[in-house]
Amino acid sequence: MRLTACYVLLISSAALAQEGRLVFATRCSVCHGTDAHGTARGPSLANNRQVRSRSMGELRELIHNGILGAGMPAFDLPAAELDAVTAFVRSVTAPAAGAHAPGDRAAGEQFFFGNGGCAGCHMVLGRGKAVGPDLSAIGQEMALDEIEEAVRQPSAAIKPGYEVINVRLRDGRLLRGFARNRSRYSIQMQDLKGQFHLLKQEQIAELTQEPNSLMPRPGCSAEECRDVVAYLSSLSGVTPGMKVAPMDSSGGLTFEQVVNPKAGDWPTYHGHIGGNRHSALDQINASNVKDLAIKWVFPINHFVLEVTPVVVDGVMFVTGPNQVFALDARSGRTIWHYQRERSKELTGDPAKGTNRGVAVLGDRVFMVTDNAHLIALHRVTGQLLWDSKMPDEPNNNYGSTSAPIVVKDLVIAGISGGDLGIRGFLSAYKATTGERVWRFWTVPKPGEPLSETWKGSALANGGGGGASWMTGTYDAETETLFWGVGNPFPALDGDERQGDNLYTASVLALNPDNGKLKWYFQFTPHDLHDWDAGQTPMVVDRRYRGRERKLLIQPNRNGFFYVFDRTNGELLLAEKFVDRLSWASGIGKDGRPILLPGADPTHEGTRACPSVLGATNWMSMAFNPSTGLFYLMALEACYIYVKPPYLWNPHPTPLEPGRKFLRAIDIETGKRVWEVPQIGPADSWGGVLSTSGGVVFFGEDSGAFAAVDAKTGKDLWQFQTAIAGGPLR
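Numbering (the numbering used here), first residue to last: 134 to 862.
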């Protein structure tokens, strides 16, 4: 019975594809050719790897909707015709993984990793070497006949970026490897040990390209070759939760180099793992910054980017929505590009494609996806190594937008969705395999400890919020992880969540090895204005009020500037850093705000300050140890806060437009030393970078990338752009 059903299914699929051939000839052949091999007006679809990578549902949707701006119209076909033409397109791009390849897969795998020596150059699911192309998903990327030809005649079709070149440099060095990318002006070369050499044309004395692939002709018998093809054809890539081999972690960036970056590297989201965006480089200073000129531009096809690039050994990693580019930092040319399909069921920031960057450790590059997966890519190839879904719960409101952080042999990442009714958490994973090591819940379940700070039905009905939506920081001396927690849910209605609502709107000090809590501080108990505490908890070592201190500094969205002793959570300073602040008169000795009446949201609407965007937000901040000043973006604005039934209803006060300032704060007093008023709508996200050259770079509200004097705030330079993230150097 099963064989009969399978046979009928195959016949039905073949018949449907044959029907689709007729529809294709009528509707599609004018551009793609009657045999789907393309014309001057449209690309070939036969064995097209981009088409092959799409699911049947994605192909059907693409045919139905067309591709706006690419010349492919939408086809409003009857459902039966749409199914048929989709089946035909799939039939001409059928991957090897769906075909029956003769041979013994198990024997082929044994030969690949054994006598065949294939793993000496190729990696499969974390096993082997990343010299040549990663083959983990070759069964989905290539057709069966293409794999057979690649095994038997490796030089017949060399994969782009893996042509072998020999380079003699003008300094006498000889290099042999792959031309991963090349132009008249530069070459991005990978040697046979997996190291990149990013060369300008003037460095090269001679370059020759070898005619053949690095892969030799097969030394396998006919049976062994058949078995290897069968094994390779079965490889469909990494899937979420798949157990993978713990790839050798001896190469690439060490954790010591993450904690103490080399000159010119920017190995983490903040540059320094402690969160201080201060560069020790001083070549660019207040005297010569006026001579800065644009070097290169790299376009990413998305309407807004909030990423801070990470730079390791001259390679820059830049993210867009569900994608990573590895670039030559000197020229902006691509070395590799990873991309996966966007998730369609999301809302909020994840649905917009927001992604703020990567983390790097060893030969792995880590990023989060829009639907709250944490993934690892190979630093050399860009190939997916593992994929871990962070939430266990089937809740489409979970997403993720911010860069992970690496601590020792773990990678730690947070989630977003706190305004959509999720239960927040922070979790850590083995960098080698993606296995979860620990999870810290920021909000309790009903009946659990701390649920007494949630009186009402909010936990049961909405999860409580408490997203861990921004990147945390780490102190290597005390071995402490610091992470800010988002707002409670519902955001503007506290009737069903009476109490402090721990640990929302708090900073957590955690043991990174096991996720155990060391201490916490809640900035805004029972937050009713969506202010949260996602801002960077910055690690600073400083002589403070007459004694050496290990400090933790956070300017909070609630309008107060906080300084702590990070060894024990002792509050040392809490002062206002904005003028428009109407909800509290100050912070008491117990660390709790001294509330003012009339600031809570009402059904009629209540004017309160700061605005729902906060007195500051996720924009990057910096501390310069030479000036002793802390630099931040401050927003002077008020909002009308309206209590639900509407989910999201705060809005600007029409007669009081907000205004942004770059401010320099004395961390011992909290007093303002200087400020730079900005012109614009006060809704931009450009951050701050301080340097040892005495310059503060920042993203100005009008869209300019600008520089001012670190001591005085005097304007030094500006370049008009549309900056939406934090600068790096």
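Positions of the beta carbon are idealized from the N, C-alpha and C atoms, including for glycine. Computed from a predicted structure; not experimentally measured.
- In the DSSP annotation of this structure, Asn-299 is not part of any alpha helix (DSSP H); the continuous beta strand (DSSP E) holding it starts and ends at 297-302.
- In this structure, Leu-643 keeps its C-beta atom at 8 Å or more from the C-beta atom of Leu-684.
- Relative to Pro-442, the option among Val-225, Val-457, Gln-183 and Lys-428 whose CA is nearest is Val-457.
- By the neighbour-count criterion, in which 16 or more other beta carbons inside 10 Å mark a residue as buried, Ala-355 falls on the exposed side.
- In summary, Arg-680 is exposed, with fewer than 16 beta-carbon neighbours lying within 10 Å of its beta-carbon over all protein chains present.
- Between Leu-201 and Thr-219, the gap from beta carbon to beta carbon reaches 8 Å or more.
- For Asp-216, no pairing in a beta bridge is given by DSSP.
- The three-state secondary structure of Thr-467, taken from DSSP, is strand.
- The DSSP-derived three-state label of Val-371 is coil.
- Looking at the DSSP output, Arg-680 sits in a beta bridge with Tyr-677.
- DSSP lists Ile-720 as the bridge partner or partners of Pro-726.
- For Thr-606, the beta-bridge partners assigned by DSSP are Phe-615.
- For Asn-198, the secondary structure class from DSSP, reduced to helix, strand or coil, is helix.
- By the Cβ rule, the region 565-581 does not count as touching the region 528-536, because fewer than three pairs are nearer than 8 Å.
- Ala-212 counts as exposed, since fewer than 16 other C-beta atoms from the protein chains shown sit within 10 angstroms of its C-beta.
- Runs of beta strand (DSSP E) with 3 or more residues, each lying fully within the region 232-311, are found at 297-302, listed in chain order.
- Runs of beta strand (DSSP E) with 3 or more residues, each lying fully within the region 406-482, are found at 443-445, 448-453, 456-461 and 467-472, listed in chain order.
- Contact between the region 293-310 and the region 323-330 is present, with at least three C-beta pairs closer than 8 Å.
- Around the Cβ of Asn-701, a 10 Å sphere holds fewer than 16 other Cβ atoms; the residue is exposed.
- In the three-state reduction of the DSSP assignment, His-659 falls in the coil class, being assigned neither a helical nor a strand state.
- One thing to note: Tyr-774 has its Cβ no nearer than 8 Å to the Cβ of Val-821.
- Straight across, the Cα-Cα distance linking Ser-464 with Ser-319 is about 7 Å.
- For Tyr-364, the uninterrupted alpha helix (DSSP H) segment begins and ends at 355-366.
- Taking each of Asp-626, Phe-656 and Leu-625 in turn and checking the Cα distance to Gly-617, the smallest one comes out for Phe-656.
- Annotation for Asn-757: the continuous beta strand (DSSP E) segment containing it runs 755-757.
- By the criterion of at least three beta-carbon pairs nearer than 8 Å, the region 829-847 is in contact with the region 802-821.
- If you look at Arg-182, you'll find it isn't in any beta strand (DSSP E); it sits in the alpha helix (DSSP H) that goes 182-185.
- Residues Arg-238, Gly-241, Glu-242 and Phe-245 of the same chain have their beta carbon placed closer than 7 Å to that of Tyr-364, with the five preceding and five following residues left out of the count.
- The bridge partners DSSP lists for Tyr-562 are Val-544 and Arg-569.
- Judged by DSSP in its simplified three-state form, Asp-552 adopts helix.
- DSSP places Phe-852 inside the beta strand (DSSP E), whose first and last residues are 848-853.
- In the structure shown, Asn-314 adopts extended strand secondary structure according to DSSP, grouped into three states.
- One alpha carbon belongs to Trp-807, the other to Val-828, and they sit about 14 Å apart.
- By the neighbour-count criterion, in which a residue is buried when 16 or more other Cβ atoms sit within 10 angstroms of its Cβ, Asn-620 is buried.
- The region 404-412 and the region 549-569 do not touch, with fewer than 3 CB-CB distances between them shorter than 8 Å.
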